[in-house]
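Please read the structure below before turning to the comments.
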Amino acid sequence: RKDFLHKTTTQLIHENQVVVLEDLAVKNMLGNRKLARAISEQGWGTARTMCEAKANMVNDREVRIISRWEPTSQICSDCGFRWGKVALSVRSILCVSCGTEHDRDGNAAKNIEKSGLGLTQDSKWTKNGRKTRMSGNPTALSSQPYSEQLGLFA
């Protein structure tokens, strides 16, 4: 597992200038007996530590950790509509505002990325234990779709 984490975190840091992670309450999550084994086997805390250490070794790399209270799985990554809490058993969500169907984890990942890059209203992220407030209006940044702004699908 450690070898896999080393290789994966090295690749993440070398291929990206900014890596955005969510501050997960892993200890609290281990209290859920159904998820405890799966969570403890993943090494999330170790992966975060490795990413931060490797980013410090490379000059122009940064790891941003967004707040665990950011509602990443409660907001449509396309239109920003907030649908609220959804049970963990629900894996696919249909946005009632824009009609887009989202995979729960994929939608949360897009929202984590947007928040870490400051593309959401009042994005919050921490770095080295400090909380920083960033704000931005994605529509004011560019008229291009978000995926084109990031150079995806180009």
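The numbers in my numbering rise by one with no breaks, and the one at position 15 of the sequence shown is 432.
Cβ coordinates follow ideal geometry from the N, Cα and C atoms, glycine included.
Residue range of the alpha helix (DSSP H) that includes residue i
| i | result |
| --- | --- |
| Ser454 | At residue 454 the sequence reads Arg, which differs from the Ser that was named. From DSSP, the alpha helix (DSSP H) with Arg454 extends over 453–459. |
| Arg450 | That residue, Arg450, is in no alpha helix (DSSP H); it is neither H nor E in DSSP. |
| Glu530 | 521–533 |
| Leu429 | 419–432 |
C-beta contact flag for residue i and residue j at 9 Å
| i | j | result |
| --- | --- | --- |
| Arg508 | Asp495 | no |
| Ser490 | Asn524 | yes |
| Arg485 | Val436 | no |
| Met467 | His423 | yes |
| Gly462 | Arg418 | no |
| Thr492 | Asn528 | The sequence shown places Ile at residue 492, rather than the Thr named in the question. Yes, the Cβ-Cβ distance between Ile492 and Asn528 is below 9 Å. |
For residue i, the first and last residue of its enclosing beta strand (DSSP E)
| i | result |
| --- | --- |
| Val480 | 479–483 |
| Thr439 | At residue 439 the sequence reads Glu, which differs from the Thr that was named. Here the beta strand (DSSP E) through Glu439 covers 435–439. |
Proximity winner among the options, relative to residue i (alpha-carbon distances)
| i | options | result |
| --- | --- | --- |
| Ile483 | Glu439, Gly535, Thr425, Ala455 | Glu439 |
| Asn476 | Asn433, Arg499, Ala453, Lys424 | Asn433 |
| Ser514 | Ile529, Asn528, Gly497 | Gly497 |
| Arg465 | Trp500, Arg499, Leu447, Thr425 | Thr425 |
| Ile430 | Gly501, Lys471, Ser506, Pro488 | Lys471 |
| Cys512 | Arg478, Trp500, Ala455, Leu505 | Trp500 |
| Glu479 | Gly533, Pro488, Phe421 | Gly533 |
| Pro488 | Glu530, Gln428, Val443 | Glu530 |
For residue i, the residue or residues it bridges with in DSSP
| i | result |
| --- | --- |
| Glu518 | Leu511 |
| Arg499 | Ile492 |
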